[in-house]
Ligand SMILES: NC(=O)c1ccc[n+]([C@@H]2O[C@H](COP(=O)([O-])OP(=O)(O)OC[C@H]3O[C@@H](n4cnc5c(N)ncnc54)[C@H](OP(=O)(O)O)[C@@H]3O)[C@@H](O)[C@H]2O)c1
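Numbering (this note's numbering), first residue to last: 312 to 626.
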């Protein structure tokens, strides 16, 4: 009797072990197949003039926004650049016309302004068949700081909310109705890895990016069936003016490389890191216990803060 019980007990362990092992193997295979689907195959045809002839990009004169503008022009779309420096927009627009032989339009707008800016943009977009809107414009801290340390705190709060949050809602409000009438369109919203996990010492920026992610995923669920895709893009570091990183690496792509990958995930992922090594980092970071992830972030951000304060003293 005891021998029978012992053998059924070890059978149970055997089957439990087998099922657990099979679960992990299947999960691993799923990640590999999904990785190939996203980063090797992708869907280069999801975004192009078939959605509508015009692409609209906010913050289009530098970094990731400029790279989206160029990539969309390369795909044959006419582009509307919206930024705060007419001189820089004219320069980028003229390069685009020369390189990609597409029409361009510029709208001068400073998203820090809350009021007048959207009437002007509405007027500028009047009558255009817009296939894709890239809500890219964003502002952050100049270096990690305690919330109460931020210079001109009230103004900084308004600035980050106007640029990072309000612009996304207002631009979407301007463009979405026409996309719905045509039952097609894509809205790409630049969130950040900082929108997934609160990043202390850039807390306000991080919270605005969490808003962008929630807004995007909620809207995607509302409108996907009516033909409009809303994508939340959550990159780690990209070599741009904002990050002040000068050298690209496996984990810090140029904006051009980043956008080539990110744009191919439209229609495949509604929330994406946008880049293979960033996706790996996101996966790894999510496997860490929350308290440990937060400890690493606090330690690293405090170190960056100290380095910046030291540099300021030296200058
Ligand atoms: N770079 C990263 O590692 C990273 C990571 C995660 C998420 N993101 C997000 O990706 C987006 C783009 O970042 P980026 O690194 O490419 O930034 P960036 O290099 O600083 O470029 C920002 C662009 O926005 C424009 N801009 C800034 N403030 C503006 C305003 N008030 N009104 C109108 N235009 C304005 C800039 O114009 P000027 O040329 O006139 O300054 C520039 O064209 C942001 O939303 C950012 O939060 C970036």
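We put the beta carbon where it would ideally sit given N, CA and C, even for glycine.
Taking the C-beta atoms as reference points, residue 384 is found no nearer than 8 Å to residue 358. Between residue 442 and residue 363, the C-beta gap is smaller than 8 Å, which places the two residues in contact. Taking a C-beta distance under 8 Å as the contact criterion, residue 576 and residue 583 qualify as a contact pair. Here the alpha carbon of residue 369 sits roughly 15 Å from the alpha carbon of residue 523.
Closest by C-alpha distance to residue 602, out of 509, 374 and 345, is 509. Here the C-alpha atom of residue 417 lies approximately 8 Å from the C-alpha atom of residue 397. Taking every protein chain shown into account, the CB of residue 345 has fewer than 16 other CB atoms within 10 angstroms, so this residue is exposed. Out of 453, 616, 540 and 551, the CA that lies nearest to the CA of residue 497 is found in 540. With 16 or more neighbouring CB atoms inside 10 Å of its own CB, residue 365 falls in the buried class.
In the DSSP assignment, residue 576 falls outside any beta strand (DSSP E), carrying neither H nor E.
Sixteen is the threshold: since fewer than 16 other Cβ atoms of the shown chains lie within 10 Å of the Cβ of residue 560, the residue is exposed. For the pair residue 404 and residue 429, the Cα-to-Cα distance works out to about 21 Å.
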